[in-house]
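Each residue of the first sequence is one higher than the one before, counting from 53 in the working numbering.
Cβ atoms here follow ideal geometry from the backbone N, Cα and C, with glycine treated the same way.
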Amino acid sequence: MSVTPSTTLDSQLTATWSPTNSYPDVPMVTSGYSNRLWPPDSQPQFWSKFQVWEWLQQVMDMHQIDASSVPFQNFDMDGHQLCSLNYQDFIHAAGSAGPILFHSITELKWSGQYHVELGQLEIKPELDFSCSFSDVSYPPGDIYDTLIPHVAPVASPTPSSPDIKRSFSRQVKKHNPRGTHLWEFIRDILLNPERNPGLIKWEDRTEGVFRFLKSNAVAELWGKKKNNSSMTYEKLSRAMRYYYKRGILERVDGRRLVYKFGKNARGWRESDM
DNA sequence: GCTCAGTTTCCTGTTT
DNA sequence: TAAACAGGAAACTGAG
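This is how it looks when you write it as structure tokens:
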């Protein structure tokens, strides 16, 4: 299923979010998407489906949202369609993560058109591949505490009371307490081979079977991401084996360095994109 | 401070 | 013989 845009791009830009008609009693907070992760001339209206998917993944990584909590197939659309979605469309398509995604795309659309307060969020820029996905963290009392109630219009399922807000925050973060999981890191390499040619490759894309080509290099990259210079493939593979029990990976008997995504791994299928 | 999830580290034994 | 696999056990880490 995918969400059909309910308004046009132009009407959306003026009706759903603007610096003047939103929530004047609340200071605007930026997460820095427009300034850090996407080039200034990157206009979401002109994104391809793949770029939409990349954006989706990046926002989820930034906010440490479990990828399995957002049905990627709901975002089977190009940038123009994405920009045409209103707040309710995002709620419909992404559930509790909808407000965050809505805020992100709105900010990108409005990039440079309104004053933002920088410096409220900690960004850890890195130049290598690993920063492409999720090396952004927030201080305590992070964006969920400030963003969600502000973005949410009246009569939305978005949390408003402190208790609900707290449980929402927990729901979003509990699954991923320390940023991107290893399997998501692996998946991202597979889905972005242009960034890491020759590290891991698909053996059977439709079945989710993949093979490590440079196991030590992947381990090194993982260690770099976790700021752990002593990471080895042996340790990484131990963590991979723990995924068997959880159904995130399945064993591929008799083949070295070959793994397969299991039923609980999300976001790797072409149909998810 | 406690609990929990998700690793990380170390280890022994087995398979390729 | 080396590299990789398998899995137990304990420790670690960050977040709620």
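- With distances taken between CA atoms, Leu309 lies nearest to Ile238 out of Tyr139, Glu322, Thr258 and Ile238.
- For Val261, the three-state secondary structure derived from DSSP is strand.
- The three-state secondary structure of Glu246, taken from DSSP, is coil.
- Two segments are said to touch when three or more pairs of C-beta atoms, one from each, lie closer than 8 Å; by this definition the region 295 to 303 does not touch the region 270 to 278.
- The three-state secondary structure of Asp256, taken from DSSP, is strand.
- Counting of Cβ neighbours within 10 angstroms places Pro249 among the exposed residues, the total staying below 16.
- A distance below 6 Å between beta-carbons, with the five flanking residues on each side excluded, links Gly314 to the following residues of its chain, in chain order: Gly299, Ile300, Leu301 and Glu302.
- Measuring C-alpha to C-alpha distances from Trp235 to each of Met292, Lys297 and Ser136 identifies Met292 as the nearest.
- In the structure shown, Val310 falls within a strand segment according to DSSP collapsed to helix, strand and coil.
- Glu159 is bridged by DSSP to nothing; it lacks a bridge partner.
- The DSSP-derived three-state label of Leu251 is coil.
- Assignment of Leu301 by DSSP, reduced to helix, strand and coil, places it in the strand class.
- The Cβ atoms of Pro96 and Gly150 do not sit closer than 7 Å to each other.
- Here Asp128 carries a coil assignment [DSSP, helix/strand/coil].
- The beta carbons of Lys253 and Leu265 sit closer together than 7 Å.
- With fewer than 16 other CB atoms across the displayed protein chains lying within 10 angstroms of its CB, Gly306 is exposed.
- Contact between Leu134 and Trp99 holds, since their C-beta atoms are separated by about 7 Å, short of 8 Å.
- CA-to-CA, the gap between Arg290 and Tyr139 works out to about 42 Å.
- His233 sits in coil when the DSSP states are folded into three classes, being neither helix nor strand.
- The alpha carbon of Glu255 has as its nearest neighbour, out of Lys297, Lys312, Trp107 and Ser323, the alpha carbon of Lys312.
- Boundaries of the alpha helix (DSSP H) around Gly275: Ser267 to Lys277.
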